[in-house]
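This report concerns only the one structure given below.
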Ligand code: AHG
Ligand code: MN
Ligand code: MN
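In this note's numbering, the protein residues as written are 2 to 339.
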């Protein structure tokens, strides 16, 4: 019989063998995984669970909230606030931070999440997910504030996502490679299904929302034009395109078979660095992608080196197969200014 390694067993063995996962962090990840399981159950129920459609409210970014955005946010908060492992949480769906209430013990970790990524895909039954990033509160200092969260991506203690697709898959890193766990629905547990995930250096697949083409900056147009020119163009090979509109699902494909993902700055809203959020979308994905041998930049600099100044800060994102990310970044640096 093939030996099945559960998430719990994996975490305990990592802790024992490499001493890299402190007890509190292990608990935190187990709790997040349990919350993702609950979200997965709601997602799967769809119309039968009355989880589809809009909630009739807006989040801090001015986006209409879907019922599942709110449900997923509540599930993550409820699951995480009582265990004693966290000091506070921050989410795409909450303007300020959620400090662990006084009635519970306070831990040292900070958890940030995009509770439901790919909201536009909920009602059409296309893959969606949850993205999360774990930081540690700086030592000393009483209480916890938003400033404690403003740490660069390089400070992440762990990061991951859970994709709710034909399979529910949890993908994790603690800075020692990337592991994937598939949810066994009958057993109700996550089972290790791949370890040491590696993104191929070269790829023939790109992901970008082509409908924004007329708003792009010249280096982005150059990169995509060259890819579209195919085997007779400067790249000398044909490219394929995919755009799921759930970052989680696009990144999952890239971790599985390579590719490059771009959500660049564009001229629609020139004062916004990009659409995606640095703290709970770009940083955790950048950590995973780098741990799998890929790269992640804002088209100029490494994403994980950026010093955040706001919880809901936006950022341009280019991530995936290393050589392609380096090419896109080089085109921007060559072109000089934005
Ligand atoms: P969210 O649902 O958390 O707001 O995130 C959606 C993001 C991301 O998942 C995806 O890559 C991108 O928005 C899609 O944007 P477009 O609709 O502009 O293509
Ligand atoms: Mn998102
Ligand atoms: Mn979201």
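All C-beta atoms in this analysis are idealised placements derived from N, C-alpha and C, irrespective of residue type, glycine included. If you're wondering where the values come from, they're calculated on a predicted model, not measured in any experiment.
Where residue i falls: helix, strand or coil (DSSP)
| i | result |
| --- | --- |
| residue 251 | helix |
| residue 5 | coil |
| residue 202 | coil |
| residue 370 | Outside the shown range of the chain (2 to 339) lies residue 370, about which nothing can therefore be said. |
| residue 215 | helix |
| residue 125 | coil |
| residue 241 | strand |
| residue 332 | helix |
| residue 208 | strand |
| residue 301 | coil |
| residue 272 | coil |
| residue 306 | helix |
| residue 234 | coil |
| residue 15 | helix |
| residue 156 | helix |
| residue 246 | coil |
| residue 285 | helix |
| residue 82 | coil |
For residue i: DSSP bridge partner residues
| i | result |
| --- | --- |
| residue 90 | 99, 112 |
| residue 58 | 66 |
| residue 163 | 131, 171 |
| residue 190 | 185 |
| residue 290 | The partner list for residue 290 (beta bridge, DSSP) is empty, contrary to what the question assumes. |
| residue 321 | 261, 296 |
| residue 278 | 315 |
| residue 195 | 181 |
| residue 117 | Paired residue(s): none; residue 117 is not in a bridge. |
| residue 136 | 111 |
8 Å Cβ shell around residue i - same chain, five flanking residues per side excluded
| i | result |
| --- | --- |
| residue 329 | 220, 221, 224, 261, 263, 298, 300, 319 |
| residue 71 | 56, 58, 94 |
| residue 227 | 234, 235, 236 |
| residue 137 | 109, 110, 111, 156, 158 |
| residue 99 | 78, 82, 89, 90, 91, 92 |
Neighbourhood of residue i by C-beta, 6 Å cutoff - its chain only, sequence neighbours within 5 removed
| i | result |
| --- | --- |
| residue 155 | 305 |
| residue 172 | 161, 162, 181 |
| residue 107 | 88, 101 |
| residue 183 | 168, 170, 192, 194 |
| residue 279 | 309, 314, 316 |
| residue 339 | Low local confidence applies: a pLDDT of 48 at residue 339 is under 50, so the model's placement there is unreliable, and no value is given. |
| residue 179 | 198, 289, 292, 293 |
| residue 152 | 136 |
| residue 348 | Residue coverage of the chain in this structure runs from 2 to 339, which leaves residue 348 outside it and unanswerable. |
| residue 36 | 76, 77, 80 |
Run of the beta strand (DSSP E) containing residue i, from where it starts to where it stops
| i | result |
| --- | --- |
| residue 1 | Outside the shown range of the chain, which is 2 to 339, sits residue 1, and nothing can be said about it. |
Run of the alpha helix (DSSP H) containing residue i, from where it starts to where it stops
| i | result |
| --- | --- |
| residue 262 | Counting along the chain, residue 262 falls outside any alpha helix (DSSP H), though it belongs to the beta strand (DSSP E) covering 261-264. |
| residue 358 | In the structure as shown, the chain begins at 2 and stops at 339. Residue 358 is therefore absent and cannot be evaluated. |
| residue 41 | 24-46 |
| residue 150 | 147-150 |
Chain-order list of residues whose beta-carbon lies under 7 Å from that of residue i (same chain, five-residue window excluded)
| i | result |
| --- | --- |
| residue 83 | 105 |
| residue 28 | 84, 86 |
| residue 1 | A question about residue 1 goes unanswered here, because the residues of the chain that appear run from 2 up to 339. |
Residue i beta carbon near ligand 4 (any heavy atom closer than 7 Å)
| i | result |
| --- | --- |
| residue 276 | As presented, the structure is devoid of ligand 4, carrying ligand 1, ligand 2 and ligand 3 as its sole ligands. |
Next item on the list: Collect the residues with a C-beta less than 5 Å away from any heavy atom of ligand 3 and give them in sequence order along the chain.
Entry: 93, 115, 117, 118
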